[in-house]
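1 is the number of the first residue of the sequence shown in the UniProt record's numbering; add one for each residue after it.
No residue lacks a Cβ here, since even glycine has one placed at the ideal position from N, Cα and C.
Owing to the predicted nature of the structure, the values given are computational and were not obtained by experimental measurement.
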Amino acid sequence: MELVVQDVQNLLSVSDIIFSRDFNEALIHQVVVAYSASTRQGTRAQKSRADVSGSGRKPWRQKGTGRARAGSFRSPIWRSGGVTFAAKPQEHSQKINKKMYRGALKSIFSELIRQKRLIVFQDFSLTLPKTKLLVEKLKKINLKNVLIITSKLDNNLFLASRNLYAVDVKDVYSIDPVSLIAFDHILITVDALKKVEEILS
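Rendered as structure tokens:
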């Protein structure tokens, strides 16, 4: 398979095994769900009646007062009592093996190429970390919602993109399935694409 390198109008040969995969929606869904779940902190916590500070004494005797019966100051129906079915910290991560993860990435890249959403550049960099420069550069190639992937993190690009809502910059080792499907276009450098091919082969 050959891809057009946009800024120099050359052709770049890439592996059919990696970039001509069928679209496996079920696999991609499973990997995206697992990846998203693993990013959850899972640290939320509330106090149940067992955790709330307070006496264990019965507030008043069972019968004879005319009041509703009560057994604890820490009851969830009381003010400052515990929470019914209190949330506790939990682990949300799901296990996905390497073969499935790589298979999903191959499938995503293949679909991006089919939909003409993967744009290859020989070089994409900035001389200064200025948002204005990046906006002008993206406007020239008519891109708004874009993920820029470089072979190693370009600090100027990264700093320039931080204040842009629909632009993100990652290096090859930071890409993930959620980011790849979240953006309208993926702009990737030739060196980065070769590294992707090397990692996924």
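Check whether residue i and residue j have beta carbons under 9 Å apart
i	j	result
ALA86	VAL32	no
ALA192	ILE149	yes
LYS152	ASP171	yes
VAL5	VAL120	yes
LEU157	LEU143	no
SER80	LYS58	no
VAL52	PHE109	no
LYS132	LEU200	no
ILE113	PHE23	no
LYS137	PHE124	yes
GLN122	ASP7	yes
SER38	GLN94	yes
ARG74	ARG40	no
ILE186	ARG102	no
GLU25	LEU12	no
ILE96	ALA160	no
Rounded separation between residue i and residue j - CA only
i	j	result
VAL83	GLN46	7 Å
LYS88	SER55	23 Å
ARG162	ASN145	13 Å
LYS99	LEU27	11 Å
SER179	ALA68	56 Å
ALA70	THR43	33 Å
For residue i, the first and last residue of its enclosing alpha helix (DSSP H)
i	result
GLU198	190 to 200
Sheet register partners of residue i (DSSP bridge)
i	result
HIS185	VAL146
Continuous beta strand (DSSP E) stretch holding residue i: start and end
i	result
VAL83	No beta strand (DSSP E) holds VAL83; DSSP gives it neither H nor E.
VAL5	2 to 5
Contact test: residue i Cβ vs the ligand PLP heavy atom, cutoff 8 Å
i	result
SER201	The ligand content of the structure shown is nil, which means the ligand PLP is not present either.
Go through the segment 98 to 126 residue by residue and report every complete run of the alpha helix (DSSP H) that reaches 4 residues or more, in order. Whole alpha helix (DSSP H) segments, 4+ residues: 98 to 114.
Going residue by residue through the segment 128 to 175, where are the continuous beta strand (DSSP E) segments of at least 3 residues, counting only ones entirely within it? Runs of the beta strand (DSSP E) inside the segment 128 to 175: 146 to 150, 167 to 171.
Whole alpha helix (DSSP H) elements within the segment 11 to 63, 4-residue minimum: With a minimum length of 4 residues, the continuous alpha helix (DSSP H) runs that stay inside the segment 11 to 63 are 16 to 19, 25 to 38.
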